[in-house]
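Going by numbering that gives the first Met the number 0, 258 is the number at position 259 of the sequence shown; the sequence numbering is gapless. Even glycine gets a Cβ: it sits at the ideal position worked out from N, Cα and C. Reading through the structure tokens given below for one structure.
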Amino acid sequence: MQKKSVVFILVLLISCNSVYTEDQFPIKNVVVLMMENRSFDHMLGWMKSSKSNITNPNIDGLTGSECNPKLLSGKICVSQNATDTTNYDPFHLFSSTTERIYNCKYDLINSKNSKNPCKNHASLEEPANMQGFVKSAEWLLHSGEVEMSGHLPENVPIISTLASEFALFDRYFSSFPGCTNPNRIFMHTGTSDGYVGNGQRAGQIKNTTIQEVLEKNGYSWRYYYEGDALDWFLYIEYFNNNFQTPGRFSEMEQFYSDAATGNLPNYTFINPSESIHPNLNNTKSFGLPNDQHPNHSVREGERLIKNVYEALRNGPLWNQTLLIITYDEHGGFYDHVPPPQTNIPSPDNKVNANGFDFKRLGIRVPTIAISPWIEKGTLVNKPTEEQRPFENSEFDHTSIGKTIFKIFGIDYNLSQRSEWAASFENILKLRKEPRNDCISELAYIPPPTKEEITRLYSLPIQDTLKQKINKICRLHKPRDPYCGEQVENYTDYVNFIDQLDKILLD
């Protein structure tokens with residue numbers, strides 16, 4: 000008999016009708032939706048001080064006085080000029096993130112005797128000042144204005160509304176100061192297994208996953224994905240081994256069906272699309288990337304968040320569902336809150352070849368918990384005594400697995416970092432019955448015009464897609480030295496995949 004499900008999407012979605020006792024959670028389904036590459040200040044910082052109808056002056060956000068120095072002279076301050084798409088992908092690897100946090104120039108040659116964290120990559124002596132975003136951009140021949148830009152609440156009405164209607168975390172950090180894969184691996188397994196970059200091979204990560212622990216304890220799970228997001232999970236051995244298992248991995252059409260019929264598992268994880276998948280008749284995604292990774296459309300990501308929320312809110316499991324919406328990492332965008340860097344345990348005592356010891360957190364990212372069991376307008380800042388196992392515990396991606404285990408009554412930590420991290424299941428205990436005022440329909444997001452689709456198809460592809468093309472070429476056309484060189488934009492990518500499919504089918 001299937002156990003109760005819990006749905007997480009870093010925005011907690013909770014039930015709205017039943018009553019529960021003190022020793023019992025109302026959540027049976029958790030849904031987690033992890034978006035891509037946006038910092039807290041970039042997406043939600045202006046909720047603090049803008050003149051929008053969706054504001055909260057108590058948020059640790061932007062006032063307009065936050066600035067970064069330029070390389071030669073002058074400064075660039077935060078702006079409200081963020082656009083739907085950017086003309087480049089702000090740099091956000093470990094090296095660049097270190098530069099942006101500490102305002103220093105990264106040196107690949109490790110110098111353990113230096114107090115400069117850009118030279119001694121494990122150093123914790125130099126305080127993080129968040130003053131290097133503009134300089135780091137200038138070293139890469141950009142002005143830094145994109146990095147310092149932020150969205151007004153009315154420009155991102157979906158996530159802003161959910162942040163005001165449910166629980167917003169304004170002190171939730173990525174687990175690693177760098178790029179996508181290590182942070183996603185951290186979320187699933189409690190550690191990045193010593194990796195600081197992308198490009199892991201299929202089945203390479205052998206750590207225990209949230210899903211594996213749940214399955215051993217009798218709980219169900221399913222991984223839903225949009226488009227061609229397979230690369231984001233097949234590098235984890237447990238996922239790779241289960242990919243062909245029926246009911247484990249499904250495309251998003253199945254999620255919407257399962258949400259409508261009440262057939263979601265106890266734990267749902269959702270991966271957005273990272274590239275164009277030509278299916279313009281799909282009115283939920285229009286075949287466009289919806290992960291919000293620069294230079295992808297923020298609006299298309301808003302459409303995905305809206306669709307997921309409304310599917311849960313208007314489905315039969317709403318009263319027992321927790322939706323968590325979060326972002327894997329900051330994507331190179333400015334945030335003014337220094338990541339914690341003192342007395343943070345390494346997840347597994349591994350030290351990367353460049354000397355990084357995983358004893359400091361990454362940059363703040365937007366995170367929302369959605370549920371009818373959560374009070375409207377809840378703001379979660381530093382962990383309370385009830386939420387933190389240690390005096391200096393913080394919220395990071397390992398908090399998700401920890402919270403899920405607590406909801407299901409499982410006594411398990413994926414890593415030393417997971418053991419240290421704060422959990423947030425207690426925000427589901429503040430009500431004796433679910434709310435009956437949960438918004439059922441979010442703002443309308445107009446479909447993209449033909450002109451917009453044409454423009455999006457002409458955008459240059461981002462680095463993660465280039466890495467995918469390189470892997471495809473190595474696997475299927477190893478003797479072609481020019482494989483993939485012609486792929487410059489998304490139209491080229493679609494043609495490249497179509498040609499490859501014909502070769503493989505022949």
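- Contact between S296 and L464 does not hold, since their C-beta atoms are separated by about 15 Å, which reaches or exceeds 8 Å.
- Residue P156 holds the alpha-carbon nearest to the alpha-carbon of L441 among G189, P156, C117 and N435.
- L32: member of the beta strand (DSSP E) spanning N28 to M34, first to last residue.
- Beta-carbon to beta-carbon, Q243 and E35 are separated by about 26 Å, too far to satisfy the 8 Å threshold.
- The three-state secondary structure of S417, taken from DSSP, is helix.
- The bridge partners DSSP lists for C117 come to none.
- Under DSSP, V145 shares a beta bridge with no residue.
- Residue environment for T448: exposed (fewer than 16 other C-beta atoms within 10 angstroms of its C-beta).
- Looking only at K476, H335, Q319 and G73, the smallest Cα-Cα distance to E146 is reached by H335.
- Here R183 is not near D347, since their CB atoms are 8 Å or more apart.
- Between I158 and M42, the beta carbon gap of about 6 Å places them in contact (Cβ cut-off 8 Å).
- Following the DSSP letters along the chain, one finds N270 inside the beta strand (DSSP E) bounded by residues Y266 to N270.
- In the structure shown, C437 adopts coil according to DSSP, grouped into three states.
- Minimum Cα-Cα distance from G226 among the listed residues T207, N289 and A259 corresponds to N289.
- Checking the DSSP bridge columns, you'll see V379 partnered with F168.
- When the beta-carbon positions are compared, S78 and P152 stay at least 8 Å from each other.
- In the DSSP assignment, I209 falls within the unbroken alpha helix (DSSP H) covering I209 to K215.
- Within the stretch 45–133, the complete alpha helix (DSSP H) segments of 4 residues or longer fall at 93–101, listed in chain order.
- In the DSSP assignment, R200 falls outside any alpha helix (DSSP H), carrying neither H nor E.
- Going by DSSP, R247 is part of no alpha helix (DSSP H) at all; its letter is neither H nor E.
- A352 counts as exposed, since fewer than 16 other C-beta atoms from the protein chains shown sit within 10 angstroms of its C-beta.
- For I373, there is no enclosing beta strand (DSSP E), since its DSSP letter is neither H nor E.
- When the alpha-carbon of T84 is set against those of I58, K69 and R37, the nearest one is in R37.
- By the criterion of a C-beta distance shorter than 7 Å, R99 is surrounded in its chain by G131, F132 and S135, once the five residues flanking it on both sides are discounted.
- For R221, the enclosing beta strand (DSSP E) has its first and last residue at W220 to Y224.
- When the alpha-carbon of K401 is set against those of E390, Q386 and A166, the nearest one is in Q386.
- Each residue's CA atom was taken as its position, placing S142 and G73 some 12 Å apart.
- In the structure shown, the three-state DSSP call for D395 is strand.
- Judged by DSSP in its simplified three-state form, A442 adopts coil rather than helix or strand.
- At the C-beta level, I362 and H329 come within 8 Å of one another.
- Boundaries of the alpha helix (DSSP H) around T188: T179 to T188.
- Take the alpha-carbon of G196 and the one of F165: they are about 34 Å apart.
- Per the coordinates, the alpha-carbon of C472 lies some 28 Å from the alpha-carbon of L139.
- In the three-state reduction of the DSSP assignment, P459 falls in the strand class, which pools E and B.
- Just so you know, the alpha carbons of E384 and A121 end up roughly 29 Å apart.
- Counted as a single uninterrupted DSSP element, the alpha helix (DSSP H) harbouring Y237 occupies residues E236 to N241.
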